[in-house]
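These protein sequence lines map, in sequence, to chains A and B. 126 is the number of the first residue of the first sequence in the numbering used here; add one for each residue after it. 85 is the number of the first residue of the second sequence in the numbering used here; add one for each residue after it. Shown next, in C-alpha cells, is the structure this report addresses.
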Amino acid sequence: MAINRVIGATVFMTRSYLKEPLAFVSDLIIPLIMFMIVHLGTGRGVESLIGILIVIAWSSGSFALARKLGSYKAWRLMDMFIASPLKPIEFAIAAALAHLIIIVLPATIVTVIMILISSINPASLILLIASIIVAWITGITFGLYVYSKLADPFKISSTANLLNLLLIILPPVIYPISILPPAYS
Amino acid sequence: MTNYIFVDGLVKVYSGGVVALDDVSFSIDSGGIVGLVGPNGAGKTTLVKILATLIKPTRGRVEVLGFDVNSGYENVRKRISLVPQDACPELYLTPYEHVYWYLRSRGLPKGDAVRLAGESLEKVGLWDVRDRVCAKLSGGMRQRVLIASALAVPADIYFLDEPTVGLDPLARRGVWSVLREVSKNSLIFLTTHYMEEAEVLSDLLIMINRGRIIEMGNPLELLRKVKYRYKVVLEKFADISQIDVSFIETDEGKTIYVESDAELSKLLGFLVDRGLSFTVKSTSLEDLFIMRVKGCGDK
C-alpha cells in the first residue's frame, strides 16, 4: 500500500511538468551554450557534457525538489498531503522520484549529444550513471536540508535557485578551471 | 455513538508568545456539520490545524476519532480529509487528474479512485471541465477542485477551512447541498466567515473570539439567546446624539438593538420626527455573534 501511495504522489507531482516541454528547453539552454563554447574552444566537450549531467541530476534533487516542496507549502497544498495517510518520508520519496522522472528527457538529450561527438564504452557509461545517481541523492539530501531549514517558501526557492546557478556558472563542473585566464584560475 | 472530537483545555501559543487558543474545551459525539465562526485572527484555522494534525497543541488534551493528535496522529490522518484555507490546486493538472491522483496518493486502488473522482467532480459541478487544466479555470472552479479532492476521500471527518470563499452564490449553494449529503455519514468541521452559511448548514455552531469559545450550540438554541428581537440600522454618519439609546457600529452602519414591539415603535417615532432614514430587521445569529464579540447584549 505504501508503494501505491508513493506512486500516486509521484505522478501527482510529475504530470504538470510533463505537460510543459519548454521547461526542459529553458533548463538546458545555458548549460548547452556553455558546452558549445567549451567544445569549440578547447575540444573538451565530453567533459562538459558529463558536468551537465551531474548538474541536471543535482538540480533535480536540490533545486527542483526544494522549489516543489516550497511551492506546495506556499499554496498550502502540502497540508492536504500531511492530513492524509501519506507519510512524510513517502512524500519526500515521491517528490524525489518525480524529479528523477523529469530529468530523463534532458539527460537523454545530453547523452545523445555525447554519443554523437565521441565514442563511449560501456564501462564509462556505468560510471556515468553511477555518478548521476550519486549527484541526485546528494541533491535530494541538500534539497530536503534547505527545505527543512528555511521556513519561508520563497526563500527556499531563491536559495536553491542561487546554488544551482552557481553550480552551472562556476568551474569545474561544466568547464575546467584550466581554461580560465591564469589570474582567475 | 462515535466520539468524533474531544478537546479539553487546549492552549496554543505560537513562537513570540502569541496566544492563538486559550483554554478551549468542547466535545462532538455525533456526525453532521459543525460550523466554526469567528473574526479574523480568532483562532479558527489554528484549531483546524491542530485537529487535522498539522500542528501540535502547546497544552491540553485533543483527541480525534479516539486518537490523541500527538501520539496517534497516523491513525487520525487515515480517517480525515482537509481543504486548507486559501489553498491552490496544482495548476497544470486537470480537475480529474487532481482528484484521481490525490486519491491514489492516499493509497486508494485504481478502481475506487476512478469511481470516487468521477462522483466527486459530478457533485461539485466540475465534470464538464474535468479535462481542462486548473490554470485555465476560474478562481471559484479551482477552489471546487480542492473541495472535490477532499470530499472524494472516504473519511470520517472532513475539515474544511473556509471552503466557499471565492465561490459565486450559486456555486456556494451547490457546495452546501454536497456538504449536507456528505454529512449524513460523517462529520464536517467547517470554518466560515459567512454567518448565513454557518446558520443554514450547521447542526452545531461554535463561535470563537480571541482564542476562546464564546458561544456553542444548535443555531436555533443560540438564536433564542438573543435578547433583542429587532435591530434598527441607520447610516454611519446619522446624528442620533439627541436620542437616549445605545448603539454599536457595524459594517451596515449604526445599529440599535430593540427588545420589544413597544420599544421599537417608540424609537421609530423619534427617528421619523428627526427625519432620519433607517431599516428595521429581525435579529439573527450574526447579531448574537456581533454582540458577543463586542461584549454586549446578554440575556
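Ideal placement from N, C-alpha and C gives every residue a C-beta, glycine not left out.
In chain D, which residues lie with their C-beta within 7 Å of the C-beta of residue i?
i                      : result
residue 162 of chain B : Considering every chain present, this structure includes no chain D. Its protein chains are A and B.
When the cut-off is 8 Å and only beta carbons count, does residue i lie next to chain A?
i                      : result
residue 383 of chain B : Low confidence applies to residue 383 of chain B: its pLDDT is 42, below 50, so where it sits in the model is not reliable, and the reading given next is rough at best. Chain A, which has no Cβ nearer than 8 Å to the Cβ of residue 383 of chain B, makes this no.
residue 186 of chain B : yes
residue 190 of chain B : yes
residue 201 of chain B : no
residue 136 of chain B : yes
residue 170 of chain B : yes
residue 234 of chain B : yes
residue 176 of chain B : yes
residue 166 of chain B : yes
residue 181 of chain B : yes
residue 238 of chain B : no
residue 247 of chain B : no
residue 102 of chain B : no
residue 173 of chain B : yes
residue 96 of chain B  : no
Does the beta carbon of residue i come closer than 8 Å to any beta carbon on chain B?
i                      : result
residue 289 of chain A : no
residue 185 of chain A : no
residue 136 of chain A : yes
residue 144 of chain A : yes
residue 152 of chain A : no
residue 311 of chain A : Outside the modelled stretch of chain A, which goes from 126 to 310, sits residue 311 of chain A, for which no answer is possible.
residue 295 of chain A : no
residue 188 of chain A : no
residue 253 of chain A : no
residue 192 of chain A : no
residue 202 of chain A : yes
residue 228 of chain A : no
residue 161 of chain A : no
residue 129 of chain A : yes
residue 206 of chain A : yes
residue 195 of chain A : no
residue 132 of chain A : yes
residue 308 of chain A : no
For residue i and residue j, which I take to be in contact (beta-carbon distance under 8 Å), what is that distance rounded to the nearest angstrom?
i                      : j                      : result
residue 231 of chain B : residue 284 of chain B : Actually they are not in contact, since the Cβ atoms of residue 231 of chain B and residue 284 of chain B sit about 17 Å apart, beyond 8 Å.
residue 161 of chain B : residue 210 of chain A : 6 Å
residue 105 of chain B : residue 121 of chain B : With a Cβ gap of about 15 Å, residue 105 of chain B and residue 121 of chain B do not count as contacting.
residue 388 of chain B : residue 324 of chain B : This structure does not reach residue 388 of chain B, given that chain B is present from 85 up to 383, and the question cannot be answered.
residue 256 of chain A : residue 171 of chain A : Contact flag wrong, Cβ pair sits at about 13 Å.
residue 314 of chain B : residue 356 of chain B : Wrong, their Cβ atoms sit about 16 Å apart, outside the cutoff.
residue 213 of chain A : residue 153 of chain A : The pair is not a contact, with the Cβ atoms about 32 Å apart (cut-off 8 Å).
residue 135 of chain B : residue 89 of chain B  : 6 Å
residue 265 of chain A : residue 186 of chain A : 4 Å
Return the bridge partner residues of residue i from the DSSP annotation.
i                      : result
residue 315 of chain B : B:341, B:365
residue 333 of chain B : B:338
residue 371 of chain B : Partner(s): none; residue 371 of chain B has no beta bridge.
residue 275 of chain B : B:120, B:245
residue 152 of chain B : B:147
residue 131 of chain A : DSSP, once it has assigned bridges, lists no residue as partnering residue 131 of chain A.
residue 165 of chain B : B:242
Just to confirm the assignment, what range does the beta strand (DSSP E) spanning residue i have?
i                      : result
residue 296 of chain B : 296-301
residue 166 of chain A : Per DSSP, residue 166 of chain A belongs to no beta strand (DSSP E); it is in the alpha helix (DSSP H), 147-167.
residue 128 of chain B : Segment 128-135 is the alpha helix (DSSP H) holding residue 128 of chain B; no beta strand (DSSP E) there.
residue 290 of chain B : 288-293
residue 93 of chain B  : 89-97
residue 112 of chain B : 103-112
For the alpha helix (DSSP H) holding residue i, just list the boundary residues, first then last.
i                      : result
residue 273 of chain A : 247-274
residue 162 of chain B : 157-162
residue 206 of chain A : 202-207
residue 229 of chain A : 229-242
residue 170 of chain A : 170-186
Complete alpha helix (DSSP H) runs within the stretch 219-262 of chain B (minimum length 4 residues, chain order): 223-235
Alpha helix (DSSP H) runs contained entirely in the stretch 173-204 of chain B, provided each spans 4 or more residues: 179-189
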